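Visitor:
Protein chains: 2
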Amino acid sequence: MRYKAGLATRERILAATRSLVAENGLEGTTIKAICDQAGVLPGSFYNLFPSKEQAILTVVREAIDAVDPDPGHQGTDTLQDLVAAYVRFLEEQPALSRVYIRIGVSGAGQSPELTGRMVRHHQERVGRFSAAMKRQSPELAETMAERRAETLVLALNGIALHRIIDPDFDVAWHAHALLEDAAAVS
Amino acid sequence: MRYKAGLATRERILAATRSLVAENGLEGTTIKAICDQAGVLPGSFYNLFPSKEQAILTVVREAIDAVDPDPGHQGTDTLQDLVAAYVRFLEEQPALSRVYIRIGVSGAGQSPELTGRMVRHHQERVGRFSAAMKRQSPELAETMAERRAETLVLALNGIALHRIIDPDFDVAWHAHALLEDAAAVS
DNA sequence: CTCTAATTTGAATCAACGCTCAAAGAAAGG
DNA sequence: CCTTTCTTTGAGCGTTGATTCAAATTAGAG
Chain U
560 MRYKAGLATR
570 ERILAATRSL
580 VAENGLEGTT
590 IKAICDQAGV
600 LPGSFYNLFP
610 SKEQAILTVV
620 REAIDAVDPD
630 PGHQGTDTLQ
640 DLVAAYVRFL
650 EEQPALSRVY
660 IRIGVSGAGQ
670 SPELTGRMVR
680 HHQERVGRFS
690 AAMKRQSPEL
700 AETMAERRAE
710 TLVLALNGIA
720 LHRIIDPDFD
730 VAWHAHALLE
740 DAAAVS
Chain C
560 MRYKAGLATR
570 ERILAATRSL
580 VAENGLEGTT
590 IKAICDQAGV
600 LPGSFYNLFP
610 SKEQAILTVV
620 REAIDAVDPD
630 PGHQGTDTLQ
640 DLVAAYVRFL
650 EEQPALSRVY
660 IRIGVSGAGQ
670 SPELTGRMVR
680 HHQERVGRFS
690 AAMKRQSPEL
700 AETMAERRAE
710 TLVLALNGIA
720 LHRIIDPDFD
730 VAWHAHALLE
740 DAAAVS
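Heads up: the protein sequence lines correspond to chains U and C, in order. Using my numbering, the letters of the first sequence correspond one by one to residues 560 to 745. Using my numbering, the letters of the second sequence correspond one by one to residues 560 to 745.
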């Protein structure tokens with residue numbers, strides 16, 4: 560797997576996997592569908608990936624990583640920045656964001672490793688929102704800030720979930736409304 | 560399908576389908592698994608249901624119907640009542656509530672009929688929350704009440720979604736927190 | 001140009017899936 | 001009882017799933 564052709568094929572397979580998982584879920588995605596969409600035959604797929612599961616897991620990792628951009632950058636994000644980043648993720652990467660929501664639902668009960676990863680991811684995410692909230696409203700009690708941060712993250716996921724059902728759903732508008740309410744509370 | 564035995568078998572099959580869909584999703588549920596768990600052989604399954612899809616669709620309808628209890632009763636629910644009813648649904652019917660969350664995610668792209676049903680269900684639900692909110696805070700502008708009602712419903716779904724990932728997640732506590740914030744805004 | 005390693009092909013394997021069916025086995029009504 | 005209708009059995013059908021492999025092809029280093 561060192562020649563250019565191989566890497567290009569790998570990319571086409573991942574792109575196909577991405578859109579198919581977004582559309583049909585982790586379970587509903589078949590090798591045949593991936594190969595058809597990528598313009599590749601099964602043998603070629605298995606030259607690049609050891610199994611269907613590995614290809615899907617690669618896409619899953621992409622999705623989780625794409626939710627929190629710039630993970631190294633710490634301590635200066637505002638709540639607005641964090642929400643805006645999530646909205647941008649939802650709007651600019653519709654396939655990956657659909658994958659992201661499907662992970663929690665499909666991954667649970669299937670792969671404990673995946674479930675653990677999602678729980679950790681959620682905690683980190685809440686931590687980041689919580690820090691931003693405390694920075695922004697220092698008068699807020701510690702536990703109160705954490706509670707409101709988690710509520711906000713959960714509500715954002717609720718918005719993302721609904722967009723899978725209704726693709727015309729105005730994600731940005733609702734996320735903004737959420738932020739306004741959060742500000743009104745403080 | 561008139562004898563007692565048949566009805567009992569039908570119930571065992573539906574119970575098995577319910578728990579398997581809750582655990583493995585609409586796609587991940589197989590006839591063999593249903594039959595094993597129900598203590599029944601395939602022929603018996605097909606004596607009672609025309610197809611796997613029909614059995615699953617029956618459970619799906621159950622789930623959607625169970626979310627909004629007492630649909631005839633109109634105009635007197637408070638926001639607290641509605642949230643409490645949803646929390647009760649999540650806690651007392653864990654299997655059905657997992658099915659409920661999976662529907663939106665799995666149903667989209669698979670069955671347009673199911674997707675349409677979910678969109679309608681969501682609108683009705685938001686309408687009910689919105690009416691309760693207007694009743695409770697008459698000074699609120701019409702559009703504002705509707706917006707906050709939808710935000711609340713979405714956030715509740717976010718909470719339910721997270722419980723699929725983390726079964727220990729304290730649903731009641733977070734739902735209550737949500738309600739407090741909503742009250743603080745008004 | 002040549003040689004090697006990477007890539008692609010496409011048929012073939014094997015398991016699992018949804019589903020069918022004829023025959024055997026209960027349950028009620030008369 | 002006996003008859004009719006409903007229920008259960010379990011082998012088996014056709015299809016599709018993931019995966020393998022030897023052979024053919026192509027890309028790139030020297």
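Cβ atoms here follow ideal geometry from the backbone N, Cα and C, with glycine treated the same way. Remember, it's a predicted structure, so these values are computed and weren't measured experimentally.
List the residues of chain U that M677 of chain C touches, going by C-beta distances under 8 Å, in chain order.
Guide: Correct list: I724.
Visitor: Are the CB atoms of G663 of chain U and I723 of chain C nearer to each other than 8 Å?
Guide: A contact, by the Cβ cut-off of 8 Å.
Visitor: Note the first and the last residue of the continuous alpha helix (DSSP H) segment covering V658 of chain U.
Guide: Start and end: P653 to G666.
Visitor: Since T589 of chain C meets chain U, which of its residues come closer than 8 Å, beta carbon to beta carbon?
Guide: Result: empty, since nearest Cβ-Cβ is about 11 Å, beyond 8 Å.
Visitor: Note down, in chain order, each residue of its chain lying with its Cβ closer than 6 Å to the Cβ of M642 of chain U, except the 5 sequence neighbours on either side.
Guide: Note on identity: in this sequence residue 642 of chain U is Val, with Met being the wrong assignment. Correct list, in chain order: A734 and L738.
Visitor: From U:A743, U:G587, U:A581 and U:P697, pick the residue whose C-alpha is nearest to that of P653 of chain U; which is it?
Guide: P653 of chain U has its Cα closest to that of U:A581, out of U:A743, U:G587, U:A581 and U:P697.
Visitor: Which residues, taken in chain order from the segment 562-577 of chain C, show a beta carbon closer than 8 Å to some beta carbon of chain U?
Guide: Of all residues in the segment 562-577 of chain C, none has a Cβ within less than 8 Å of some Cβ in chain U.
Visitor: By DSSP, does R561 of chain U sit in helix, in strand, or in coil?
Guide: In the structure shown, R561 of chain U sits in coil (DSSP, three-state: anything other than H, G, I, E or B).
Visitor: Hey, quick one: how far does the alpha helix (DSSP H) through G587 of chain U stretch, first residue to last?
Guide: Looking at the DSSP string, G587 of chain U is not in any alpha helix (DSSP H), and its letter there is neither H nor E.
Visitor: Note down, in chain order, each residue of its chain lying with its Cβ closer than 6 Å to the Cβ of K611 of chain C, except the 5 sequence neighbours on either side.
Guide: Closer than 6 Å at Cβ, skipping near neighbours: I590.
Visitor: Which residues in the same chain as G717 of chain U place their Cβ atom closer than 8 Å to its Cβ, once the five residues preceding and following it in sequence are excluded?
Guide: Once the five neighbours on either side are set aside, G717 of chain U has no close Cβ partner at all.
Visitor: Could you check if G584 of chain C is buried or exposed, using at least 16 other CB atoms within 10 Å of its CB as the buried criterion?
Guide: By the neighbour-count rule (16 or more Cβ atoms within 10 Å), G584 of chain C is buried.
Visitor: Step through the CB atoms of chain C and report whether any lies within less than 8 Å of the CB of I660 of chain U.
Guide: Yes - at least one Cβ of chain C is within 8 Å of the one on I660 of chain U.
Visitor: So, with DSSP's three-state summary, where would you put H681 of chain U?
Guide: H681 of chain U falls in the helix class under three-state DSSP.
Visitor: Can you give me the C-alpha to C-alpha distance between A625 of chain U and Q633 of chain C, rounded to a whole angstrom?
Guide: For A625 of chain U and Q633 of chain C, the distance between alpha carbons rounds to 44 Å.
Visitor: Quick one: is R657 of chain C buried, meaning 16 or more other Cβ sit within 10 Å of its Cβ, or exposed?
Guide: It counts as buried.
Visitor: Taking only three categories from DSSP, how would you classify Q635 of chain U?
Guide: Reading off the sequence shown, one finds Thr at residue 635 of chain U, where the question assumed Gln. In the structure shown, T635 of chain U sits in coil (DSSP, three-state: anything other than H, G, I, E or B).
Visitor: Beta carbon of V619 of chain C, beta carbon of L673 of chain C: below 8 Å?
Guide: Contact flag set, yes.
Visitor: Run through chain U and tell me which residues come within less than 7 Å of S665 of chain C, C-beta to C-beta.
Guide: Going along chain U in sequence order, the residues near S665 of chain C (Cβ under 7 Å) are G584.
Visitor: By the criterion of Cβ-Cβ separation under 7 Å, what are the contact partners of A706 of chain U in chain C?
Guide: The sequence given here places Arg at residue 706 of chain U; Ala does not occur at that position. Those within 7 Å of R706 of chain U in chain C are A736.
Visitor: Please report how far the alpha carbon of Q596 of chain U lies from the alpha carbon of R706 of chain U, in whole angstroms.
Guide: Those two C-alpha atoms are separated by around 44 Å.
Visitor: Please list the terminal residues of the continuous alpha helix (DSSP H) segment that includes L600 of chain U.
Guide: Here L600 of chain U belongs to no alpha helix (DSSP H), and DSSP marks it neither H nor E.
Visitor: What is the DSSP secondary structure of P630 of chain C, reduced to helix, strand or coil?
Guide: The answer is coil: DSSP assigns P630 of chain C none of H, G, I, E or B.
Visitor: Pop quiz: L715 of chain U and L720 of chain C are said to be a contact at Cβ under 8 Å. What is the actual Cβ separation, rounded to whole angstroms?
Guide: With 8 Å as the limit, L715 of chain U and L720 of chain C do not qualify as a contact, their Cβ atoms being about 11 Å apart.
Visitor: Suppose the cutoff is 6 Å on Cβ atoms and the five residues either side in sequence are ignored; what does the same chain contact list for Y645 of chain C look like?
Guide: Closer than 6 Å at Cβ, skipping near neighbours: L715.
Visitor: For R647 of chain C, count neighbouring C-beta atoms within 10 Å of its own C-beta (all shown protein chains included) and say buried if the count is 16 or more, exposed if not.
Guide: Result: exposed.
Visitor: Which whole-angstrom value is the C-beta distance of L638 of chain U and Q682 of chain U, which I expect to be below 8 Å?
Guide: That belief does not hold up - the Cβ atoms of L638 of chain U and Q682 of chain U are roughly 18 Å apart, past 8 Å.
Visitor: Where do the ends of the alpha helix (DSSP H) carrying L699 of chain U lie?
Guide: Here L699 of chain U belongs to no alpha helix (DSSP H), and DSSP marks it neither H nor E.
Visitor: Go ahead and label D740 of chain U buried or exposed: buried means 16 or more other beta carbons lie within 10 angstroms of its beta carbon, across all protein chains shown.
Guide: Buried: at least 16 other Cβ atoms inside 10 Å.
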